[in-house]
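**Student:** Quick note, the sequence shown lines up with residues -19 to -1, 1 to 131 if you use mature numbering (1 follows the signal peptide of the UniProt record, and there is no 0). We put the CB at the ideal spot given by N, CA and C, even for glycine. Here the structure is a predicted model, which is why all the values come from computation and not from measurement.
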Amino acid sequence: MRIKFTALLLLALPLAAFAQNASAQESPVGKWRTIDDKTDKVKSIVEVYTATDGTLQAKVLQVLDSEKGPHPVCDACKGANHNKPIEGMVIAWGLKHQGASWEGGRIMDPKNGKVYSAKMTPIDDGMKLEVRGYMGFSLLGRTQTWLRDE
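#1: Buried or exposed for residue 103, please, with buried defined as at least 16 other CB atoms from any protein chain shown within 10 angstroms of its CB.
#2: Could you tell me the distance, in whole angstroms, from the CA atom of residue 43 to the CA atom of residue 33?
#3: In the DSSP output, what is residue 76 paired with across the bridge?
#4: Counting only runs of 3+ residues fully inside the segment 41 to 96, write out the beta strand (DSSP E) ranges in chain order.
#5: Can you list, in chain order, the residues of its chain with a C-beta nearer than 7 Å to that of residue 121? Leave out the 5 residues immediately preceding and following it.
#6: By how many angstroms is the C-alpha of residue 89 removed from the C-alpha of residue 4?
#7: Whole angstroms is fine: what's the gap from residue 125's alpha carbon to residue 20's?
#8: Any idea if residue 86 is buried or exposed, counting beta-carbon neighbours within 10 angstroms, 16 or more meaning buried?
#9: Where residue 11 and residue 37 are concerned, what is the direct C-alpha to C-alpha distance, given to the nearest angstrom?
#10: Span of the beta strand (DSSP E) holding residue 23?
#11: What do you get for residue 99, buried or exposed, if any count of 16 or more other CB atoms within 10 angstroms of its CB means buried?
#12: In whole angstroms, give me the CA-to-CA distance for residue 30 and residue 108.
#13: Starting from residue 109, trace the beta strand (DSSP E) in both directions and tell me its first and last residue.
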C-alpha cells in the first residue's frame, strides 16, 4: 500500500507544478506593453504587481510613444499627480481577484487625468491582458489589450 501511495505522489507532483505554473501565467502580475485601442501603437511599458494589501496595482515603467515628448508629465492629473512624471506613476490600484478577472479597482488615464473603475482579465494563456476602464456599468467604457513583455 505504501508503494502505491508513493508512486501516486510522485506522479502527482509534476501535475501540481504544471498547474501552479499555468495559474502564474494567467495572473496579470508582470510587465506589459500597453497598446492604444485607437491607434494600435505601443504606448508604454507597465508593471502590474501585488500591493502590500494583496490587491493589484500597476505603474508606468517607461513611456514609449507620447504626443508630449519622451518624458511627459501628467498635466491633466488632479491632486498629488498633477505635473508629476508619468514614468513611475501608479495608474491602477485596488484590483481584487474575482474568478478569472481582477476587479473592483480604479485606473487612471494619464492622457486626460480621469479615473475610472477597472477590470483586468488575462486571455490567451496569460499572454494578453484585457484592461477595461468604465464609469458606472462595465458596458459603458473602453477596453485595451496589453501584451505580456516578459
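**Tutor:** By the coordinates alone:
#1: buried
#2: 23 Å
#3: 37
#4: 71 to 79 and 82 to 89
#5: 115
#6: Low confidence applies to residue 4: its pLDDT is 41, below 50, so where it sits in the model is not reliable enough to give any reading.
#7: 11 Å
#8: buried
#9: 11 Å
#10: 23 to 31
#11: buried
#12: 16 Å
#13: 109 to 115
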